[in-house]
Amino acid sequence: MKALFFFFANRNKVATLFTASMLLLGVYAITSIQREDLPQADLSTMVIKTRFAGAAPEDVEINVTNKIEDELKSVSGIDTIQSYSMENLSTIEVQIDADISDQKTVKDEIRQAVNRVTDLPDELDSLPVVTEVKSTLRPIVEIGLTGDIPYREMRAIAKRLEKKINQLPGVAQVRKYGYRAREVLINIDPNKLDAYQLSVGVILDAIRARNIQATAGSFESYTNERNVVTLSQFKNPLAVKDVIVRSVFDGESVRIRDLSVIEDSFEQPITLTHLNGQAAISLLVQKQDNADIIRTVNIVKSAMEAEMQYLPAGVNLIITGDESLAVDARIGVVAKNGITGLILVLIVLSLFLNFKTALWVGIGIPVTLLGVVFLLPVFDQTLNSLALAGMILVLGIVVDDAIIVAENIHRHKEMGKSGIEAAVDGLQEVFVPVLTTMCTTVLAFSPLFFMDGLIGKFIFVIPLVVCLALFISLLEVSIALPAHIIDDKKVVSQQGGVFRQVRQGYLWLISKLLRWRYVVIGCFIVLTTFTVMKVKDDLILIMFPAESARIIKVAAEFPSNTSLQASSDKIKGVEQLVASLAKEELESFTTRVGLQSDFPEVEQTNIAELTINLTPFSKRTRTAEQIMAELSNKSKTMQGFNSLVFTVVGDGPSTGDPILLRVVGTDDVKRAAVAADIVETLTAIAGVKDIERDDKAGKSQTAINIDYEKLAARKLTVSDVAATLRVVFDGEVATTIRYGDEDMDFRVIYNKQARDSSDDLSLITIANSDGRLIPLTDIASFEQSPGPANFYHYDYDRAITISAGVDKTVTTAVMAIAQAQASIDSLQRKWPEIRVEVGGESEQLSDSMVDLFKIFLLAAVGIYFLLVLLFNSWGQPLLILVAVPFSILGVILTFYWHSMALSFLAMLGSVGLAGVVVNDSLVMVEHLNQLIKQNKQDSVIALVAEGATNRLRAIILTTLTTVAGVMPLAYGLGGTDPMLAPMALALGWGLLFATVLTLVLLPCLYMIGKDLVKISLR
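Under the working numbering, the first residue of the sequence shown is numbered 1, with each subsequent residue one higher.
As structure tokens, then:
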């Protein structure tokens, strides 16, 4: 090994080439690598949507949802399945078991199972649509059109822009909102139907028979052959008015125009879209999987800005919902703080080492991180928030290893050795400990590769970044660094002056403490116990911080019978409230009336959803939580809402509602009773707010009670009645023709006056098998009643979902569920046939904490085995591992003193901290072993004190450089990022505390280990 070190130490050009290559390749990679907010991940989720226009929730459940679910039971590999059956729509979400490696096969089997369902109602708008939910297929920017011009003209502009956007590189698709399909409305006058003794069925048949284009074969002559085509399609949409409904040989024909008013119009809106409070057509742009979010958004923006000059007067084009801003800002913040940190690192190193050594150690940091950026695409990874988090985590370890090597080479030069001799001897002396520390760090992070669930898929990139960085760092410190810092000039010891006094003071202190080692250990134990007892009830655990969030969502619900237009009018009060926010806080806001986008995507006339896009966090003084609190308080005086719920959409993968409980069981009465008790329990818990349950009664309905004897006597069937009623109220598409690049439906429907009449049911007639018109009142009676609720299924059984938010200043989701658990357990004992499932953020956080504990346990076992291999001892590896829990005490105290919640990434920061502590502890123990082995006759206490003092400079350097590197990000010196800052805070302050631990606790534990060896030998 020494010969290999000598070979590379003598090859300065190889070292220069390696360093330059890593820097250049990294810079190139930054300009070309795909940038994202979050890593690409297979969400293992399929959604099946089926539209059934005019159907009540129970009809949808029985005729669509149940049939599809029954077929899905045959598919193996499904983890959970949940569905919503609501008016007009069935939505089924299938969650595939994330541990199954062959996800594609399961997805194909799900599609095949849906295709096997062949007995769905004929009245379906279309067959079930099966889609795969991807982390990348989400809107990256929204283009909105507003203005006071006719809808037809606005729609034409939107269509042109859609085509333009779809042609741009990186764009996958464009979703349109507020964009209605063209439709020919044939508005039937029921009075004229009665006058001519005709039924709507006759009109439908006449239109279908008229609109035909068919090939009737071919005509062959001697010279050529031609197809014979029967042409009967409407060349002009309004030509439908001339269709003959009834004709008499010698009399006047009855045509469509005699019975109706024809409109070349658009379909009835299911939802309405507002942008900044104005009616709008909205285009949501989704990028391709492999497209860079920043470049793609910039291309779309440039194209739209170029289109603005062609817009007519009075039309506004608004660009909003720019997801690239957060990604660009985060990368910028990390880069600025990284440069600041690097400058501080160089300053600190220069205080203890010569400038040349300090410079090359500092350069090793960007070499390693840029090398990681270059290698990420090789592993099909992008540059994203969690990749940046991994770089922050490994920063301290990379600096630590470089300092250990450089400081030891520097120490050998101070001993009077030549440059090459000092480089080879210094590297050889610490190479095995450095290699071992890297291996222990890999072992510490490797279990993250196998973390379960959605979170595990997203954080996969963190251990990958750590492993890549350690690999590059190992090459840097063994191949490049020694060659760079070789210098045959005589080195004057820099351990004079202030540092010599510090060194002598530490030597005196540690010599005293080693004699009182049991007291020292006892003090640490007492301090740790007291700290844990003090903060255990005050320290809040969360998945991801919401301080940097840019989006607030407002879910509004009105009384069940509220029409779409009435909902649109009522939501204006909330829009005006949002519009009153300061310009430096509000970027824009979008309203979807009749739609709520989270699962299930609900379409109801009495709901609305506002998405408030705030300016980047660095440009405002208030957090999204503070802005949301103000809006929520001001909205409490508003009238006409059943509920108005404000939610901050935080960074990181979605974890669902803070509190989510599913009450599952087949008995409707018992299930509702359990749900009511749970709501009562949650209401009594301080800090729980916005409690909702999804089994509310639907809009009122008119029940038609058919007299089946009269029905049969008049030669009618239930299908005849249902078909006629569908035409009356929703209309029925008689035929469809493609004009240009879009299809146009021809919808037959009763005119608006008839539909709006309070006596409309009494005016309806139905044609029987003999062609006679039978009044609906002859065969049925009518009754007003509350409409049925939507039906929710969880794992094939009916269920009720209870969701709630929490006031984070009072409680957390996990704490609230813990308080409610006793009541839930009691209910389950009382109603054993009903089960209660916990979901949402509380479940995700609890599961993640369990996974983190397993990770720590696995890492500790792996590290212990590796240290046993290095030290050939059972006890010394335990000395190193015992130091880790004490180091985490510093993290706990840091977040307690800062009054901050301990986020998931901050806890991962603790893993990185543990890696640095193990590194420093390992190198110190190895040095102490060598010192005692070489000086067996000397006092052990004196040798331990001397050995600890020898490591003082390296440990202080490691601490100060790591702290200098991460503290700018922790406190936002170059810009604030609340998602990554907690990790930097945990690493920085945790390491300061851990330094005391390494310099004081570890030598004492080492001495106690020696005491135990002596006792065992007696």
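Cβ atoms here follow ideal geometry from the backbone N, Cα and C, with glycine treated the same way.
Over what stretch of residues does the beta strand (DSSP E) that includes residue 80 continue unbroken? Counted from its first residue, the sequence shown places residue 80 at position 80. That run of the beta strand (DSSP E) goes 78-86.
Residue 440 to residue 813, Cα distance in whole Å? Numbered from its first residue, the sequence shown carries residue 440 at position 440. Numbered from its first residue, the sequence shown carries residue 813 at position 813. The alpha-carbon atoms of residue 440 and residue 813 are separated by roughly 35 angstroms.
In chain order, which continuous runs of the beta strand (DSSP E) of length 3 or greater are located wholly inside the stretch 394-432? none
If you drop the 5 nearest sequence neighbours on each side, which residues of the same chain put their C-beta closer than 6 angstroms to that of residue 1025? Look at the range of the chain in this structure, 1 to 1018, and you will see that residue 1025 is not part of it.
Ordered list of alpha helix (DSSP H) runs contained in the stretch 803-891, each at least 4 residues: 813-830, 840-871
Simplified DSSP assignment, three categories, for residue 583: Position 583 of the sequence shown, counted from the first residue, corresponds to residue 583. If DSSP states are grouped into helix, strand and coil, residue 583 belongs with coil.
Here's a check: name, in chain order, each residue in its chain whose Cβ is nearer than 8 angstroms to the Cβ of residue 671, leaving out the five neighbours to either side. Within the sequence shown, residue 671 is the residue found at index 671, counting from 1. Closer than 8 angstroms at the Cβ level, and outside the excluded window around residue 671, lie 663, 664, 665, 798, 799, 800, 834.
Work out the CA separation of residue 901 and residue 534 for me, nearest whole Å. Looking up residue 534 in the sequence shown gives position 534. Looking up residue 901 in the sequence shown gives position 901. Cα-Cα distance, rounded: 15 angstroms.
Grab the span of the beta strand (DSSP E) containing residue 49 for me, first residue to last. For the purposes of this step, residue 49 is taken as the residue at position 49 of the sequence shown. Start and end: 42-51.
With residue 194 as the anchor, note down where its alpha helix (DSSP H) starts and where it stops. Along the sequence shown, read from residue 1 onward, the residue named residue 194 stands at position 194. Unbroken alpha helix (DSSP H) run through residue 194: 190-196.
Would you mind working out which of 44, 63, 43 sits nearest residue 51, comparing C-alpha positions? Here residue 51 corresponds to residue number 51 of the sequence shown, with the count starting at 1. The shortest C-alpha separation from residue 51 is found at 63.
Should residue 556 and residue 571 be called a contact, given that it needs their Cβ atoms to be closer than 8 angstroms? Start at 1 with the first residue of the sequence shown, and residue 556 comes out as number 556. Start at 1 with the first residue of the sequence shown, and residue 571 comes out as number 571. Taking 8 angstroms as the Cβ cut-off, residue 556 and residue 571 qualify as a contacting pair.
Just to confirm, is the Cβ distance from residue 1022 to residue 68 under 8 angstroms? Given that the chain is displayed from residue 1 to residue 1018, the structure contains no residue 1022 and the question cannot be resolved.
Let me make sure I understand the geometry here. Which of 23, 99, 392 has the alpha-carbon closest to that of residue 985? For the purposes of this step, residue 985 is taken as the residue at position 985 of the sequence shown. Closest option to residue 985, Cα to Cα, is 392.
For the stretch 687-706 against the stretch 869-884, do three or more pairs of beta-carbon atoms, one drawn from each stretch, fall closer than 8 angstroms, so that the two count as touching? no
Could you check the C-alpha separation between residue 427 and residue 949 for me, to the nearest Å? Locating residue 427 in the sequence shown gives position 427, where the first residue counts as 1. Locating residue 949 in the sequence shown gives position 949, where the first residue counts as 1. Computed Cα separation, rounded: 20 angstroms.
Measure the C-alpha to C-alpha separation of residue 609 and residue 551 and round it to an integer number of angstroms. Translated into positions along the sequence shown, residue 609 becomes position 609. Translated into positions along the sequence shown, residue 551 becomes position 551. C-alpha separation (whole angstroms): 13 angstroms.
Please classify residue 28: does DSSP put it in a helix, a strand, or coil? Here residue 28 is taken as the residue at index 28 of the sequence shown, counted from 1. Residue state, collapsed to three classes: helix.
Quick one: is residue 919 buried, meaning 16 or more other Cβ sit within 10 Å of its Cβ, or exposed? Residue 919 sits at position 919 when you count from the first residue of the sequence shown. The residue in question, residue 919, is buried, as its Cβ has 16 or more Cβ neighbours within 10 Å.
Where does residue 588 sit, in a helix, a strand or coil, going by DSSP? Within the sequence shown, residue 588 is the residue found at index 588, counting from 1. Correct three-state label for residue 588: strand.
Cutoff 6 angstroms; reference residue 222; Cβ partners in own chain excluding five residues on either side: For the purposes of this step, residue 222 is taken as the residue at position 222 of the sequence shown. In this predicted model, residue 222 has a pLDDT of only 43, less than 50, meaning its place in the structure is not dependable enough to derive any value.
Is the beta carbon of residue 240 closer than 8 angstroms to that of residue 294? Counted from its first residue, the sequence shown places residue 294 at position 294. Counted from its first residue, the sequence shown places residue 240 at position 240. Contact: no.
According to DSSP, residue 271 sits in a beta bridge with which residue or residues? By one-based count along the sequence shown, residue 271 stands at place 271. Partner(s): none; residue 271 has no beta bridge.
Within 8 angstroms, do at least three Cβ pairs link the stretch 130-142 to the stretch 37-49? yes
Could you tell me which residues DSSP puts in a beta bridge with residue 266? Against the sequence shown, residue 266 aligns to sequence position 266. Paired residues: 182.
Skipping 5 residues on each side, what residues in its chain have a beta carbon closer than 8 angstroms to that of residue 879? Position 879 of the sequence shown, counted from the start, is the residue given in the question as residue 879. 921, 925, 1002, 1005, 1006, 1009.
Closest by C-alpha distance to residue 314, when choosing among 146, 341, 470, 45: Within the sequence shown, numbered from 1, the residue matching residue 314 stands at position 314. Answer by Cα proximity: 146.
Leaving out five residues on either side along the sequence, give the residues of the same chain with a beta carbon under 7 angstroms from the beta carbon of residue 449. As a position in the sequence shown, residue 449 is number 449, starting the count at 1. For residue 449, where only same-chain residues beyond five positions count, the Cβ hits under 7 angstroms are 460, 463.
Close-in-space but distant-in-sequence residues of the same chain around residue 775 (CB under 6 angstroms, 5 per side omitted): Numbered from its first residue, the sequence shown carries residue 775 at position 775. Here the set comprises 765.
Check whether the stretch 172-181 touches the stretch 269-288, taking contact to mean three or more Cβ pairs, one atom from each stretch, closer than 8 angstroms. yes
With DSSP collapsed to three states, give me the class of residue 112. Here residue 112 refers to the residue found at position 112 when the sequence shown is read from its first residue. Helix.
Quick test of your reading: residue 862 and residue 987, contact by CB under 8 angstroms. State the CB separation rounded to the nearest angstrom. Here the question's residue 862 lines up with position 862 in the sequence shown. Here the question's residue 987 lines up with position 987 in the sequence shown. Rounded, the Cβ-Cβ distance is 22 angstroms, inconsistent with contact.
Would residue 403 and residue 422 qualify as a contact pair, given that the criterion is a beta-carbon distance under 8 angstroms? Counted from its first residue, the sequence shown places residue 403 at position 403. Counted from its first residue, the sequence shown places residue 422 at position 422. No.
Does the stretch 716-733 come within contact of the stretch 153-170, defined as at least 3 CB pairs closer than 8 angstroms? no
Roughly how many angstroms lie between the CA atoms of residue 433 and residue 525, to the nearest whole one? For this step, residue 433 is matched to residue 433 along the sequence shown. For this step, residue 525 is matched to residue 525 along the sequence shown. Using only the alpha carbons, I get a separation of about 28 angstroms.
Residue 90 - DSSP class collapsed to helix/strand/coil: Numbered from its first residue, the sequence shown carries residue 90 at position 90. Reduced to three states, the DSSP call for residue 90 is strand.
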